[in-house]
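So the sequence lines, in the order shown, correspond to chains L and H. For reference, each letter of the first sequence is one residue, going 17 to 191 in our numbering. For reference, each letter of the second sequence is one residue, going 17 to 191 in our numbering. Note that beta-carbon positions come from the ideal geometry of N, C-alpha and C, so glycine has one too.
Number of protein chains: 2
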Amino acid sequence: LAAAAVCGIDSRMARRPDPFHAPDDEARRTARALLAAARHAALAYLDPETGTPGISRIGFGLDGDGTPLTLVSSLSAHQPALAARPDCAVMVGEPGGRGDPLAQPRLMLRARARLLDRAAPDHPARRAAWLAQHPKAALYVDFADFAFVRLEPVSAVLNAGFARAFRLAAADLAP
Amino acid sequence: LAAAAVCGIDSRMARRPDPFHAPDDEARRTARALLAAARHAALAYLDPETGTPGISRIGFGLDGDGTPLTLVSSLSAHQPALAARPDCAVMVGEPGGRGDPLAQPRLMLRARARLLDRAAPDHPARRAAWLAQHPKAALYVDFADFAFVRLEPVSAVLNAGFARAFRLAAADLAP
C-alpha cells in the first residue's frame, strides 16, 4: 500500500508542470527585502523523538554577515529538536492589508541550524545588534536558557503571488 | 558523535523543568478562538524525498464538524508531501499591533492530513462554506488541481505569552 501510494505520487509529479521560475533580479531583491524586514518567522523542525514535523514562532533577524538568525530558549520545543536534527525550514513575509494572504509575498527557506555559544567572543556584538532590532528581547536575552541560532540557508522558494513562484539558491539570498 | 549528541540532549531534557501547563477553560477557549478566527496558517510538512521539514502558507478554515481544513493545489510543494507523509503541524494566530510577536497568542497543532476528493458528495457544501469565509478563493476553488484537505488534530500547544504555554489534547479543541 505504501509502495502504491509512492508510485501514485511519482507518476503525478512526473505529469505535473514545474510551477517554479528561475529567479530574476527582482525576485532576488524581493527575497532579500523579506529577510531584512522580518522580525519574527515560522519555523518548521523535525521532532527527534517522533520524526514528525513541529512548528513554532521564532524571533528573526540577520547576523552580521546577513545569515538568518534567531534567539531561542532551551526550554522551547524547537531548541532541543534543532540541536538533534538541524534541518529546518523558515517562513517570513507577513500577510498585511486586505488582499488574499495567499497572494502576498513570502519566502520559504530550507536551512540548517547552528547553535551558537553564549560564551563566544562575538556574542556581545550579536546581542547588541539583536536588541537594536528586537527591543522587547531585552526582557529575556540574558536569561541563561537563551542563545542565538544561525539558520544557514540551503535553498529557498519565493512565492510572490499566484503563478509567481521562484526557486532560489542560497547565493541568491546573500546581501 | 551522533550518539553523544543525543545523550547530551537527553540529559538536558531530563534536567529542564516542564514549561507546559495543563489546560484550563480559558486556555481551551483561547485555542478554539484562534482556530475559528484563522483564515490562513503556516504548515510544516515533511519532504518525502529528503525527509527534511518544509513550510508553506496555507488557507485555513474549519470543516462543518470543526476539524481544521485547508484548500490546496496539487501543484504546491506541500500537497504531494502530505499525500505521502500525512503527519504535519499547523500554526495559527497572527501577531498584530505593536507588542512583541513572541508574547502574542498562537496555537501549534500537530495533525494528520486527509486529502478529500473533489467528487465526494459533500464537496459542494464544503466549497460553499469555504467561499463564505475566503471570498478571494472563488478565483481558483474550481481549478482541477485544487482540493480540500482535513488537518485532523493529534495534539496542540497553546502559547499565550511567556510562561503561559499549555499542552492540549485533540478533545480540548473540539467545538
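Here residue 108 of chain L is bridged, per DSSP, to L:123. In this structure, the beta-carbon distance from residue 184 of chain L to residue 44 of chain L falls below 9 Å.
Chain L has a Cβ within less than 9 Å of the Cβ of residue 106 of chain H.
Pairing residue 105 of chain H with residue 70 of chain H, the inter-Cα distance amounts to about 10 Å.
Assignment of residue 136 of chain H by DSSP, reduced to helix, strand and coil, places it in the coil class. When beta bridges are read from the DSSP output, residue 96 of chain H appears opposite no residue. With respect to chain L, the C-beta atom of residue 56 of chain H has a partner C-beta closer than 9 Å.
If you draw a 10 Å sphere on the C-beta of residue 155 of chain L, you find fewer than 16 other C-beta atoms in it, and that means exposed. In the three-state reduction of the DSSP assignment, residue 46 of chain H falls in the helix class.
For the pair residue 146 of chain H and residue 87 of chain H, the CB atoms are nearer than the 9 Å cut-off. Taking a C-beta distance under 9 Å as the contact criterion, residue 174 of chain H and residue 123 of chain H qualify as a contact pair. Under the 9 Å criterion on CB atoms, residue 39 of chain H is classed as non-interfacial with respect to chain L. At a cut-off of 9 Å between C-beta atoms, residue 157 of chain L does not count as an interface residue with respect to chain H. Note: residue 86 of chain L is bridge-paired with L:165 in the DSSP secondary-structure output. Secondary structure at residue 62 of chain L: strand, using DSSP grouped into helix, strand and coil. Residue 151 of chain H is classed as exposed because its beta carbon has fewer than 16 other beta carbons within 10 Å across all chains shown. Nearest in C-alpha terms to residue 35 of chain H, of all of H:80, H:177, H:75, is H:177. Per DSSP, reduced to three states, the secondary structure at residue 181 of chain H is strand. For residue 68 of chain H, at least one C-beta of chain L is nearer than 9 Å to its own C-beta.
For the 9 Å CB-CB criterion, residue 68 of chain H and residue 126 of chain L form a contact. Where residue 69 of chain L is concerned, the enclosing beta strand (DSSP E) starts and stops at 69 to 75. Non-local C-beta neighbours of residue 78 of chain L in its own chain, meaning closer than 7 Å and more than five positions away in sequence, comprise 51, 52, 84, 85, ordered along the chain. Proximity of residue 142 of chain H to chain L, defined by a Cβ-Cβ separation below 9 Å, is not satisfied. Around residue 171 of chain L, no beta-carbon contact reaches into chain H at under 9 Å, the shortest distance being about 11 Å.
Taking C-alpha positions only, residue 189 of chain L is separated from residue 130 of chain H by approximately 35 Å. The CB of residue 103 of chain H comes closer than 7 Å to the CB of 68, 69 in chain L, given here in chain order. Counting along the chain, no alpha helix (DSSP H) covers residue 158 of chain H, and no H or E run does either.
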